[in-house]
Amino acid sequence: GQSLEQPSEVTAVEGAIVQINCTYQTSGFYGLSWYQQHDGGAPTFLSYNALDGLEETGRFSSFLSRSDSYGYLLLQELQMKDSASYFCAVSDGQNFVFGPGTRLSVLP
Amino acid sequence: EAEVAQSPRYKITEKSQAVAFWCDPISGHATLYWYRQILGQGPELLVQFQDESVVDDSQLPKDRFSAERLKGVDSTLKIQPAELGDSAMYLCASSLEFGQDYNEQFFGPGTRLTVL
């Protein structure tokens, strides 16, 4: 089976940097992806890591350590519009499993 | 910009009734997913299609849920009979294909189901 763990909530102020961690246990592993979901909206894709290291896309970066079964999403220069739920998800080539999600609240 | 279409957006039904949801993926996307998302939780994969074939339905409650994608394009998810615990958002997503070379999943707006 597969299981993923994320913090349930994170709070930060505008302009700050926040890191959302994800640990996983899977029988197989292709990669770790991140999705953002605003209240009432559908998940939207943010990033994907198949190899160890840091991937940067604008204000968002994602990191993966396959040996530690661990990854994180880093959000820089936080904006109010970043308030949303963030999900990590694991693919093992046959199954796709989402984590429980981290609710990020950005305060003015 | 191409989008995943779903209908209806909202559905209220009484328990023991039948409900059906429809999804039209982005043109050319071979892989289609149906997810159930309970408020405050992550999406849970119910069924995954590659073209018209089911790739994974291990989490689909087969005694009451069924899904089909007859021509490998649009898809229907059915619940019969609906139970109170089925109240959730049902999300459809599609991607070019599924495999080691990851393909981003594009989600539709979802169908919010309320069972009374």
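Residue numbers (this note's numbering), protein chains in the order written: chain A, 1 to 108; chain B, 1001 to 1116. We put the CB at the ideal spot given by N, CA and C, even for glycine.
Next on the checklist: DSSP has Asn21(A) in a bridge; who is on the other side?
Outcome noted: Looking at the DSSP assignment, Asn21(A) forms a beta bridge with Tyr72(A).
Checklist entry - Which residue from Ala1067(B), Gly1072(B), Ser1095(B), Gly1110(B) puts its Cα closest to that of Ala1088(B)? => result Residue Gly1110(B) is the option with its Cα nearest to Ala1088(B).
Next on the checklist: Count Cβ pairs between the region 68-85 of chain A and the region 7-23 of chain A that sit closer than 8 Å; are there 3 or more?
Outcome noted: Yes, the region 68-85 of chain A is in contact with the region 7-23 of chain A.
Checklist entry - Using the beta-carbon of each residue, which ones in chain A are nearer than 9 Å to Glu1104(B)? => result Within chain A, the residues whose beta carbon sits less than 9 Å from that of Glu1104(B) are Ser33, Phe45, Tyr48, listed in sequence order.
Next on the checklist: On the criterion of 16 or more Cβ atoms from any shown chain inside 10 Å, does Thr102(A) qualify as buried, or is it exposed?
Outcome noted: Counting C-beta atoms within 10 angstroms of its own C-beta, Thr102(A) has 16 or more neighbours from the protein chains shown and is therefore classed as buried.
Item to check | Terminal residues of the beta strand (DSSP E) in which Gln2(A) lies | outcome: Element bounds for Gln2(A): n/a, residue is neither H nor E.
Item to check | Whole alpha helix (DSSP H) elements within the region 1025-1051 of chain B, 4-residue minimum | outcome: If we require 4 residues or more, the region 1025-1051 of chain B turns out to have no alpha helix (DSSP H) run fully inside it.
Checklist entry - Near Asn49(A), what residues of its chain come up, given a Cβ to Cβ distance below 8 Å and the 5 sequence neighbours on each side ignored? => result Around Asn49(A): Gly31, Leu32, Ser33, Glu55, Ser62, Phe63, Leu64, Gly71.
Checklist entry - When you compare each of Glu9(A), Ser69(A), Val10(A) to Ser91(A) by their alpha carbons, which one comes out closest? => result Nearest Cα to Ser91(A) within the set Glu9(A), Ser69(A), Val10(A): Ser69(A).
Checklist entry - Do you know how far the Cα of Trp1034(B) is from the Cα of Ser1053(B)? => result Annotation: Ser1053(B) to Trp1034(B) spans about 14 Å, alpha carbon to alpha carbon.
Checklist entry - Assuming Ala1002(B) contacts Ser1027(B) under a Cβ cut-off of 8 Å, what Cβ separation, rounded to an integer in Å, is found between them? => result That pair is a contact at about 6 Å.
Checklist entry - Mind checking whether Trp1049(B) and Arg1064(B) have CB atoms under 8 Å apart? => result Checking the displayed sequence, the identity of residue 1049(B) turns out to be Phe instead of Trp. Contact: no.
Checklist entry - Tell me which same chain residues have a C-beta within less than 8 Å of the C-beta of Thr1013(B), skipping the five on either side of it? => result So the list reads Val1019, Ala1082, Leu1113, Thr1114, Val1115, Leu1116, once near-sequence residues are dropped.
Item to check | Simplified DSSP state of Asp92(A), which is helix, strand or coil | outcome: In the three-state reduction of the DSSP assignment, Asp92(A) falls in the coil class, being assigned neither a helical nor a strand state.
Checklist entry - Secondary structure at Asp1056(B), three-state DSSP: helix, strand or coil? => result DSSP, reduced to helix, strand and coil, places Asp1056(B) within a strand of the structure shown.
Item to check | Closer than 8 Å to chain A by CB, Leu1116(B) | outcome: Leu1116(B) has a beta carbon lying at 8 Å or more from every beta carbon in chain A.
Checklist entry - With C-beta atoms as the reference, is Asp1057(B) less than 8 Å away from Val1047(B)? => result Yes, Cβ-Cβ distance for Asp1057(B) and Val1047(B) is below 8 Å.
Item to check | First through last residue of the beta strand (DSSP E) which encompasses Lys1078(B) | outcome: 1075-1079 is the extent of the beta strand (DSSP E) around Lys1078(B).
Checklist entry - Taking C-alpha atoms, which residue in Pro1061(B), Ser1066(B), Ser1075(B), Phe1021(B) lies nearest to Gly1085(B)? => result The candidate whose alpha carbon is nearest that of Gly1085(B) is Pro1061(B).
Next on the checklist: Based on DSSP bridge pairs, tell me the residues matched to Ala42(A).
Outcome noted: According to DSSP, Ala42(A) bridges with nothing at all.
Checklist entry - Got a sec: is the Cβ-Cβ distance from Gly109(A) to anything in chain B below 8 Å? => result What is shown of chain A runs 1 to 108, which leaves residue 109(A) out entirely.
Next on the checklist: Between Gly1110(B) and chain A, is the shortest Cβ-Cβ distance under 8 Å, so that the two count as touching?
Outcome noted: For Gly1110(B), the answer is yes, since a Cβ of chain A falls inside 8 Å of its Cβ.
Item to check | Nearest-angstrom Cβ-Cβ length linking Leu1096(B) and Phe1107(B), presumed shorter than 8 Å | outcome: Contact flag wrong, Cβ pair sits at about 15 Å.
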